[in-house]
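The working numbering numbers the first residue of the sequence shown as 29 and each following residue consecutively.
Idealized CB from N, CA, C, for every residue including glycine.
As structure tokens, the structure follows; a few thoughts come after it.
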Amino acid sequence: SWHVRSSAWEAPPAVLEEPVASETPAPAPEPEQLTLPAVAPALHPTAVRLVGEAFRTYILFESDDALILCDQHALHERLLFDKMLAAYQQGGLSQGLLTPVALSLSYREYRTFLTYQAELAEAGFDAEDFGEQTVRLHSLPVQLGFPQAQESFRDALDELEATGQVSDQQLVERILRSACKHAVKGGEKLSDEAMIGLVRDMLDGNVTPTCPHGRPLMMSIKRSELEKRFRRIQA
Numbered sequence: 029s030w031h032v033r034s035s036a037w038e039a040p041p042a043v044l045e046e047p048v049a050s051e052t053p054a055p056a057p058e059p060e061q062l063t064l065p066a067v068a069p070a071l072h073p074t075a076v077r078l079v080g081e082a083f084r085t086y087i088l089f090e091s092d093d094a095l096i097l098c099d100q101h102a103l104h105e106r107l108l109f110d111k112m113l114a115a116y117q118q119g120g121l122s123q124g125l126l127t128p129v130a131l132s133l134s135y136r137e138y139r140t141f142l143t144y145q146a147e148l149a150e151a152g153f154d155a156e157d158f159g160e161q162t163v164r165l166h167s168l169p170v171q172l173g174f175p176q177a178q179e180s181f182r183d184a185l186d187e188l189e190a191t192g193q194v195s196d197q198q199l200v201e202r203i204l205r206s207a208c209k210h211a212v213k214g215g216e217k218l219s220d221e222a223m224i225g226l227v228r229d230m231l232d233g234n235v236t237p238t239c240p241h242g243r244p245l246m247m248s249i250k251r252s253e254l255e256k257r258f259r260r261i262q263a
């Protein structure tokens, strides 16, 4: 086992030096805020290098002239949302469940289901009448998945009863909730490979620089600004 050895060595007394009269302290630079890019940085994935992570929440990487910090949850949520929404818009609307889900409905819900089966199918809900106010759900709209199956299906029934249709906006809101649920969380430890993968996916695509809720994905500070703050160069 490891042992810590004590040492009898003592540091020599500190010697204070007289200040040099001709030297004057450099003026402190004016504080500047980190900047939020208007768009995701137009960088090739090979032009950036992973630095690491901070607080198990922020991915740090560098380019030749900037240090960039990414919120891992916001970035992953944006990537998932864009992927799901693109699949929905391109007609990849329905996703089969590995195991069909049996749902017991109220009389009102069951009546709505029987009336609007075609509209439900068009929205991506593949469900069959199982008798005695029960339906068997085989598929859902894009990647909503279980355990959201029951909630999503009942929401669709409520909207059909109220308006006679399942709106695109409701489906988009469900996709947003699903992306948020499945994205990595702040505080979750990521491997270097996972962090590199998220950054590469961001740089490979035309990514909006905010998550679907409007929070920024990243902030950056220029190398020149760091050098000014550490007084390596004059402001």
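- With a threshold of 16 other beta carbon atoms within 10 Å, alanine 146 falls short and is exposed.
- Bounds of the alpha helix (DSSP H) holding phenylalanine 181 are 177-191.
- Below 8 angstroms, enough C-beta pairs join the region 222-240 and the region 105-113 to call them touching: three or more.
- With respect to serine 180, arginine 202 sits close: the two C-beta atoms are nearer than 8 angstroms.
- With contacts defined by Cβ atoms closer than 8 angstroms, leucine 103 and leucine 245 form a contacting pair.
- DSSP lists Leu131 and Asp157 as the bridge partner or partners of valine 163.
- A direct Cα-to-Cα measurement between tyrosine 135 and glutamine 161 gives close to 7 angstroms.
- With respect to threonine 85, glycine 214 sits close: the two C-beta atoms are nearer than 8 angstroms.
- Residues of the same chain with a CB within less than 7 angstroms of the CB of aspartate 154, apart from the 5 flanking positions on each side, are Ser122, His166 and Ser167 in chain order.
- When beta bridges are read from the DSSP output, aspartate 99 appears opposite Tyr86.
- Where isoleucine 261 is concerned, there is no enclosing alpha helix (DSSP H), because DSSP gives it neither an H nor an E.
- The C-alpha of isoleucine 249 is placed about 34 angstroms away from the C-alpha of valine 200.
- Within its own chain, the residues whose Cβ lies closer than 7 angstroms to the Cβ of serine 195, once the five positions on either side in sequence are excluded, are Glu187, listed in chain order.
- At a Cβ-Cβ threshold of 8 angstroms, leucine 78 and aspartate 220 count as neighbours.
- In its chain, beyond the 5 residues on either side, Asp93 and Ile261 have a beta carbon closer than 8 angstroms to the beta carbon of serine 252.
- For serine 219, there is no enclosing alpha helix (DSSP H), as DSSP marks it with neither H nor E.
- The beta carbons of glutamate 189 and threonine 140 sit closer together than 8 angstroms.
- Pairing methionine 230 with arginine 257, the inter-Cα distance amounts to about 29 angstroms.
- For serine 206, there is no enclosing beta strand (DSSP E); the enclosing alpha helix (DSSP H) covers residues 196-210.
- As computed with DSSP, isoleucine 249 is found in a beta bridge with Leu95.
- Nearest to leucine 133 by alpha-carbon distance, out of Ala207, Gln178, Arg259 and Glu81, is Gln178.
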